[in-house]
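The block underneath contains the structure these notes are about, expressed in structure tokens.
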Amino acid sequence: MASYLIEPVDGPSGRYDTARYQGAAGRNWWTSDPSLQLLMRRHLGEGYSWAEPHLSRLGALMGGPIAAYAEETDRNPPRLEKYDRWGRDVSQVVMPPSFTSAREKLMADNFTSPDFAATAKDNGADPAALGAAWTYLLDQADIGMGCALGTGGDMVVSLAEKHAPADVLERVRAIFANGFYSGEAAQMFTERTGGSDLAALEASATPDGQAWSLTGLKWFASNANGSAFVVLARLPSGDVAPFLVLWERRDGARNAVRIRRLKDKLGTRSVASAEVEFTGAEAFLLAGSGSGSGLGTMMKLTNASRLGVAMMGLGVARRALVESLCYASAREAFGRRLIDQPLMRRKLAELIVEVEAVQALVFDGHLGPRLRLAPALVKLRAARLGVHAASDAIEVHGGNGYIEQWPVARLLRDAQVNPIWEGGDNILCLDVRRAMLKEAAHEPFLERLAAAVEQAPPGSGDLVRGRIDDLRKAITVWSSLDPVTAEARLYPLAQFMADVYAAALLLEQAGWEQRSGHGDRKALVARLYADAHLADHGPLRGLDRPAEDLDRFDDLVAGAVTL
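Per our numbering, the sequence shown starts with residue 1, numbered consecutively.
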């Protein structure tokens with residue numbers, strides 16, 4: 001029976017039958033996602049049959065309890081207990097029960113743990129592909145939890161393995177016994193002067209016996225309730241280097257780490273972000289003695305973190321798409337469901353294509369060839385799509401979308417941080433420039449695009465092949481520009497790169513889909529994406545072009561979401 005009162009205004013028409021309005025929450029996010037199933041068939045190969053029951057169980061977990069916990073944590077975020085009853089600074093972050101319960105369930109079914117990875121490998125399934133699926137599904141529920149669990153774990157362990165003293169390394173290994181993705185790490189780079197300009201960094205470290213003494217204030221440190229921190233500080237030489245700071249000193253005493261306050265954020269409230277002060281904290285240099293050599297390694301790991309943020313953007317976009325399709329399928333206006341109306345079909349078709357293009361980018365970044373340019377380009381596109389898709393979802397929901405009791409308002413609040421985390425658009429573009437000028441990274445990138453198009457279905461790759469040639473010419477022209485103009489043109493160049501990259505990957509997926517006997521839907525997606533981003537529509541802006549997005553709308557929806 002219904003738990004709500006029946007009101008006279010409900011009327012007899014059935015238009016207010018709320019049972020028709022199930023959104024994404026409560027569904028199995030694996031069984032309702034044909035696009036993810038296709039990806040996993042491709043990347044898991046013979047291991048798919050073993051992995052499928054695990055993925056189905058995971059889909060029920062993420063769409064059920066984890067999605068529900070996320071809403072509760074958003075309403076009741078972490079709090080700081082600054083002092084104990086004696087007035088002593090304890091700087092304790094108290095996480096809400098909903099967060100703790102979600103984390104326990106996630107750690108009990110953690111596809112990124114060493115034990116699960118070993119079992120998957122023994123059964124012929126690629127652990128990296130399953131780990132990517134795990135984070136993809138989690139980020140649809142709560143990118144704040146994704147940040148809390150995933151921030152900096154690989155960075156802490158990788159640098160500690162190279163540089164930490166033996167006894168400290170043993171403690172680090174114990175902290176991360178359940179893998180990198182366990183919520184035990186934090187990166188502390190940003191200061192009040194900003195997070196990207198290392199020349200302005202003020203935190204400093206001086207030798208102190210067998211360790212270092214670190215002093216400074218970090219202005220925006222996420223996952224402040226973690227156990228191990230990577231902190232950037234300046235050496236006496238003036239170089240900047242990463243340091244490891246733990247909550248407890250070697251002798252077991254509390255380390256000199258103070259949390260000034262938690263940030264009152266727009267979104268991602270399930271990850272505790274704080275202002276953290278170090279007042280002579282015991283620290284360990286994560287670099288070659290007396291140098292900043294660990295900074296290069298750390299920046300490489302930061303590129304991996306950018307792919308993690310890109311996955312968050314994709315997760316938000318996917319959730320926004322599902323919520324939009326669910327709502328449009330139930331909501332009626334002007335005598336028809338929203339999903340049956342041409343303008344709404346256009347919007348939803350466009351959203352399906354854009355989400356699957358970014359899905360191709362993100363999964364290739366995680367599972368494909370290690371391209372130096374990929375993290376910046378993929379994050380540039382995926383982070384922005386998360387914001388745009390969440391905004392579209394609010395519009396689809398109308399006034400309901402603007403209300404916090406509906407899920408899409410939180411999606412927009414959460415999504416807005418992704419263009420900031422791990423570098424904004426301008427920083428990403430500068431990284432693209434650095435990679436091209438110092439490492440000629442565009443050459444293997446262009447080779448990857450060409451190789452992807454060669455896997456396209458017969459007769460379908462001519463437009464994208466032509467745009468790869470155009471992109472090479474554009475890079476050559478850009479290289480000849482004066483420095484000021486070249487920097488200003490980095491953004492459109494990076495967008496051009498991302499457009500062609502996504503189009504090539506969709507063609508590669510389409511070729512695999514057809515050769516494997518799974519149909520031709522991905523070829524449709526590839527055509528629509530290339531038409532939107534790479535085709536010359538002429539003076540009529542494409543108004544005279546065939547409406548394939550409308551003609552095959554049902555095919556687009558069926559391959560995106562099982563409603």
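Positions of the beta carbon are idealized from the N, C-alpha and C atoms, including for glycine.
Query	Result
For Ser91, the first and last residue of its enclosing beta strand (DSSP E)	89-94
Presumed contact (8 Å Cβ cut-off) between Leu524 and Arg552, rounded CB distance	6 Å
Straight-line gap, Gly290 to Ala102 (C-alpha atoms, nearest Å)	Residue placement at Gly290 is flagged as unreliable, the pLDDT there being 48, under the threshold of 50; a coordinate-derived value is accordingly withheld.
Whole-angstrom distance between Ser237 and Ala205, CA atom to CA atom	10 Å
Boundaries of the beta strand (DSSP E) in which Lys218 is found, first to last residue	211-222
Residue burial classification, Trp212 (beta-carbon count within 10 angstroms, cutoff 16)	buried
Cut-off 7 Å between Cβ atoms - residues of its own chain near Ala141, not counting five sequence neighbours on either side	Met62, Ile66, Ala67, Ala70
Own chain residues within Cβ distance below 6 Å of Gln92, not counting five before or after	Glu81
The alpha helix (DSSP H) enclosing Thr193, as first and last residue numbers	Taken as a continuous stretch (DSSP letters only), Thr193 belongs to no alpha helix (DSSP H), as it is neither H nor E.
Nearest-angstrom Cα separation, counted from Cys429 out to Ser270	30 Å
Cut-off 7 Å between Cβ atoms - residues of its own chain near Gly144, not counting five sequence neighbours on either side	Thr268, Arg269, Ser270, Val271, Asp414
First and last residue of the uninterrupted beta strand (DSSP E) at Phe445	No beta strand (DSSP E) contains Phe445, which is instead part of the alpha helix (DSSP H) from 442-453.
Other residues of its chain near Ile511: CB distance less than 6 Å, five sequence neighbours each side excluded	Reading off the sequence shown, one finds Gly at residue 511, where the question assumed Ile. Answer for Gly511: Gln455, Ala456, Pro457, listed in chain order.
Phe176 - partner residues in DSSP beta bridges	In the DSSP output, where bridge partners are listed per residue, Phe176 has none listed.
Any 3 or more C-beta pairs closer than 8 Å across the region 22-38 and the region 316-328	yes
Proximity of Ala360 and Leu506 at Cβ, strictly below 8 Å	yes
Bridge partner(s) assigned by DSSP for Asp208	Ala211
Leu580, DSSP secondary structure in three states	Because the chain in this structure spans residues 1 to 563, residue 580 falls outside the shown range and cannot be described.
Alpha-carbon spacing of Gly292 relative to Asp239, whole angstroms	At Gly292 the pLDDT is 48, less than 50, meaning the model places this residue with poor confidence; the figure from the coordinates comes in the next sentence. Rounded to whole angstroms, Gly292 to Asp239 spans 6 Å at the Cα level.
Helix, strand or coil at Val417 [DSSP, three-state]	coil
Residue nearest to Ala60 in terms of C-alpha spacing, selected from Met40, Tyr491, Glu202, Ser32	Ser32
Minimum C-alpha distance to Gly313 - residue among Met436, Thr485, Val464, Gly146	Gly146
Test item: CB-CB of Ala310 and Val353 under 8 Å	no
Coil, strand or helix - Lys379 by DSSP	helix
Neighbour-count burial assignment, Ile394, 16 or more Cβ in a 10 Å radius	buried
Contact the region 152-170 vs the region 227-234: 3+ CB pairs below 8 Å	yes
Nearest to Tyr491 (by Cα), restricted to the options Leu528, Leu325, Arg467, Leu380	Leu380
Ser291 (DSSP reduced to helix, strand or coil)	Low local confidence applies: a pLDDT of 46 at Ser291 is under 50, so the model's placement there is unreliable, with the coordinate-based value given in what follows. DSSP places Ser291 in coil when its eight states are reduced to three.
Through-space distance from Pro114 to Val432, alpha-carbon basis	33 Å
Within 8 Å, strictly: CB atoms of Ala567 and Glu508	No answer is possible for residue 567: it lies beyond the span of the chain, which begins at 1 and ends at 563.
Proximity below 8 Å, CB of Ala203 to CB of Thr215	yes
Pairwise C-alpha distance: Leu351 and Arg337	18 Å
Contact between the region 469-484 and the region 405-422 (3+ Cβ pairs under 8 Å)	no
Assumed close pair Val396, Ser324 - CB separation to whole angstroms, cut-off 8 Å	4 Å
Inter-residue CB distance, Leu556 and Leu463 (contact presumed, cutoff 8 Å)	Contact doesn't hold; Cβ gap of about 20 Å is too wide.
Cβ pair count under 8 Å reaching 3, the region 125-140 against the region 35-45	yes
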